[in-house]
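Mapping the sequence shown onto UniProt numbering, position 306 (from 1) lands on 306, and the numbers just tick up by one.
Working notes for the structure below.
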Amino acid sequence: MGPKHSASKRAPKRQKKVKTLQEQVELLDMLRAAKSAAAVARHYGVAKSTTPVQALAEMDNLQKWRLILPRAFGFMAWIQKMTVSWTALLTLSYFTYLLLGATIFQLLEREAESNNRNHFQLEKLNFLANYTCLDRPALEKFVTVILDAWENGVNPSGNSTNPSNWDFSSSFFFAGTVVTTIGYGNLSPSTMSGQVFCVFYALFGIPLNLAFLNHLSKCLTLHLQRLERGVISAVPRKKFAEVLVVGLFLITGSVLFLVIPPLTFSYVEGWTYCEAFYYAFITLSTIGFGDYVVGTDPDKQYITVYRSLAGVWIIFGLVWLALILNVGTKVMENILALKEPSTNVTDEIKLPYRRKEEEGCQKAVQRV
Numbered sequence: 001m002g003p004k005h006s007a008s009k010r011a012p013k014r015q016k017k018v019k020t021l022q023e024q025v026e027l028l029d030m031l032r033a034a035k036s037a038a039a040v041a042r043h044y045g046v047a048k049s050t051t052p053v054q055a056l057a058e059m060d061n062l063q064k065w066r067l068i069l070p071r072a073f074g075f076m077a078w079i080q081k082m083t084v085s086w087t088a089l090l091t092l093s094y095f096t097y098l099l100l101g102a103t104i105f106q107l108l109e110r111e112a113e114s115n116n117r118n119h120f121q122l123e124k125l126n127f128l129a130n131y132t133c134l135d136r137p138a139l140e141k142f143v144t145v146i147l148d149a150w151e152n153g154v155n156p157s158g159n160s161t162n163p164s165n166w167d168f169s170s171s172f173f174f175a176g177t178v179v180t181t182i183g184y185g186n187l188s189p190s191t192m193s194g195q196v197f198c199v200f201y202a203l204f205g206i207p208l209n210l211a212f213l214n215h216l217s218k219c220l221t222l223h224l225q226r227l228e229r230g231v232i233s234a235v236p237r238k239k240f241a242e243v244l245v246v247g248l249f250l251i252t253g254s255v256l257f258l259v260i261p262p263l264t265f266s267y268v269e270g271w272t273y274c275e276a277f278y279y280a281f282i283t284l285s286t287i288g289f290g291d292y293v294v295g296t297d298p299d300k301q302y303i304t305v306y307r308s309l310a311g312v313w314i315i316f317g318l319v320w321l322a323l324i325l326n327v328g329t330k331v332m333e334n335i336l337a338l339k340e341p342s343t344n345v346t347d348e349i350k351l352p353y354r355r356k357e358e359e360g361c362q363k364a365v366q367r368v
């Protein structure tokens with residue numbers, strides 16, 4: 001029998017190959033401490049042809065990374081172990097966006113509000129100076145009456161002969177703002193019976209409105225199907241056809257709902273085009289501030305069905321803008337990495353029959 005070697009001189013038991021930065025550091029330490037570089041090489045599964053000279057050359061190659069590797073490995077391990085909560089990230093982004101908007105709105109609007117308030121107070125003082133028979137408490141009471149009238153939907157600048165805010169056309173328009181959740185706020189029920197009815201009307205009307213808009217969305221998709229089929233028959237490239245259909249959808253919808261209606265509102269209401277466009281987008285996005293509302297100027301004579309036609313425009317505009325905003329939502333989710341990114345944006349408005357064809361092809365391939 002040959003001489004027995006002490007445990008300290010035996011080659012270490014063979015383990016797995018070098019895969020991580022930490023194992024590279026361990027290899028470097030063992031190469032520096034071991035008398036047999038070949039034994040260390042066998043420990044890490046290096047080929048038998050590896051000579052001690054080659055192993056020591058590898059040690060020299062790793063020597064310059066001796067101080068960098070531990071820090072790099074520690075940082076990479078921290079990155080790998082760090083669990084990202086996308087819910088927390090989305091929440092942080094959402095409230096950061098709200099805080100940013102609040103700051104910008106404050107910078108843009110606060111000074112104008114202060115100027116308007118000072119102007120109103122100055123006008124009250126001038127009014128009292130011109131009409132000395134009227135004291136300040138009486139004026140404040142009159143201002144309160146004006147505010148109450150405004151909150152109840154009565155325009156203080158009008159008179160008793162002005163059209164009612166609750167004629168059929170206006171009531172139809174109000175019903176539409178309830179079920180679509182726009183809620184301008186310039187008009188609301190003032191009686192208890194009207195308020196109770198409004199609650200139950202919205203309770204059943206909002207789901208009905210969502211179902212109706214969803215059905216209109218499907219009908220719009222069917223028309224897009226026919227359009228895409230016609231384009232594909234004329235254009236051999238399917239990808240180009242899909243992009244062309246989506247482009248036509250965006251352009252046509254923009255003209256019908258965000259270009260022509262503001263021109264009409266600008267002419268009828270006497271607004272600037274910027275104000276009319278602002279009203280159109282705020283309405284169709286269901287924000288509904290109520291600072292601009294069609295058919296509320298007491299000095300203008302509107303046609304009977306003016307507000308009813310505006311209600312029809314709102315319904316179809318909601319369908320179109322909802323599809324557009326849905327695409328924006330999908331894109332935002334992809335940016336935030338909340339899910340695997342889709343192949344392209346056109347997939348979000350991809351037509352149902354195209355999806356069925358793709359699914360059928362995938363199933364056929366799986367069967368093969």
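Note that CB positions come from ideal geometry on N, CA and C, so glycine has one too.
Just so we're clear, the structure is a prediction, and the values are computed from it rather than from any experiment.
In this structure, DSSP gives serine 217 a helical state, which the three-state scheme calls helix. When C-beta atoms of the stretch 253-261 are compared with those of the stretch 320-329, three or more pairs fall below 8 Å, so the two segments count as touching. Of the candidates Asp148, Phe257, Ser193, Val199, Asp148 places its Cα closest to the Cα of asparagine 186.
Burial check for arginine 117: the Cβ neighbour count within 10 Å stays below 16, so the residue is exposed. Three or more beta-carbon pairs separated by less than 8 Å are not found between the stretch 228-240 and the stretch 256-263, which leaves the two stretches without contact. Annotation for tyrosine 292: no alpha helix (DSSP H) segment contains it, and DSSP assigns it neither H nor E. In the three-state reduction of the DSSP assignment, tyrosine 267 falls in the helix class, which pools H, G and I. Serine 266 and cysteine 133 have their C-alpha atoms roughly 42 Å apart. A distance of 8 Å or more separates the beta carbons of threonine 191 and glycine 288. Our two residues, glutamine 106 and glutamate 113, have alpha carbons roughly 10 Å apart in a direct line. Between glutamine 195 and the set Trp313, Leu92, Ala175, the nearest pair of CA atoms involves Ala175.
When Cβ pairs closer than 8 Å are counted between the two stretches, the stretch 278-286 is seen not to touch the stretch 210-226, the count staying below three. By alpha-carbon distance to proline 298, the top candidate from Glu269, Glu123, Phe168 is Glu269. Put simply, the backbone Cα of phenylalanine 249 is about 56 Å away from that of leucine 139.
Straight through space, the alpha carbons of glutamate 333 and phenylalanine 168 are spaced by roughly 43 Å. Inclusion of valine 293 and tyrosine 184 in the CB contact set at 8 Å is warranted, their separation being smaller than that value.
By the beta-carbon neighbour count (other beta carbons within 10 angstroms, threshold 16), valine 245 is buried.
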